[in-house]
Amino acid sequence: MKCLRCSSTANIPYPNGNLCEKCFIDILTARIKKDTKLNYPFKKGEKVLVFGKLAEIFLKKAMPDFPLKISVTEEKYDKTKDFEGYDRVVVPLTADDEAELFYSEITDEKPDFEENEKNS
Numbered sequence: 358m359k360c361l362r363c364s365s366t367a368n369i370p371y372p373n374g375n376l377c378e379k380c381f382i383d384i385l386t387a388r389i390k391k392d393t394k395l396n397y398p399f400k401k402g403e404k405v406l407v408f409g410k411l412a413e414i415f416l417k418k419a420m421p422d423f424p425l426k427i428s429v430t431e432e433k434y435d436k437t438k439d440f441e442g443y444d445r446v447v448v449p450l451t452a453d454d455e456a457e458l459f460y461s462e463i464t465d466e467k468p469d470f471e472e473n474e475k476n477s
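Reading the sequence shown from the start, the letters are residues 358 to 477 in the working numbering.
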C-alpha cells in the first residue's frame, strides 16, 4: 500500500486512504493545531499542565514557537483534583474515554462496547 500523501509505504489505515507514519503524525499535528487555535487559543506565557508525555509531544509539535510554560505529569488524570496554579490543563482523553467514565460512574460497571456493536 502507498501513502495517500507522499506515496511511500503506508501502514496506517485512514478514512480517505492509507498513510505512512510521518504523514499520519503531520495530519494529526495539523488537526490539533487548528482545533487549538479555533476553539482553545492559548495566551503567551500561560502555565499549562500536561498529562502524559505523548500529549506534551503533540502540544509542542502543534505550538512549536508559542511561549508556554509546560509542566508534565505522569499521574492519572483526576477531574476532581484542584489544578490551582495552572492556566490550562491538557488531558489525553477522547469522547470515548469520557463516555466510558460516565457509564461506569452511573452503573458501577465497565461497558462492553464490542458486545454492543455486535448486537446493533
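Yeah, the Cβ is synthetic: ideal placement off N, Cα and C, and Gly gets one too.
Note that this is a predicted model, so its numbers are computed, not measured.
With a threshold of 16 other CB atoms inside 10 Å of the CB of residue i, please say whether the residue is buried or exposed.
| i | result |
| --- | --- |
| Ala367 | buried |
| Leu411 | exposed |
| Phe415 | buried |
| Leu395 | exposed |
Suppose you measure from the CA of residue i to the CA of residue j; what does that come to, to the nearest Å?
| i | j | result |
| --- | --- | --- |
| Val447 | Asp454 | 14 Å |
| Glu431 | Val405 | 14 Å |
| Cys360 | Asn375 | 5 Å |
If you reduce the DSSP assignment to three classes, tell me which class residue i lands in.
| i | result |
| --- | --- |
| Lys426 | strand |
| Ser461 | helix |
| Lys401 | coil |
Using alpha carbons as the reference points, say which of the options lies closest to residue i.
| i | options | result |
| --- | --- | --- |
| Ile389 | Pro421, Gly374 and Lys359 | Pro421 |
| Pro424 | Glu378, Gly402 and Ile369 | Gly402 |
| Ser365 | Tyr371, Pro372, Asn373 and Lys379 | Lys379 |
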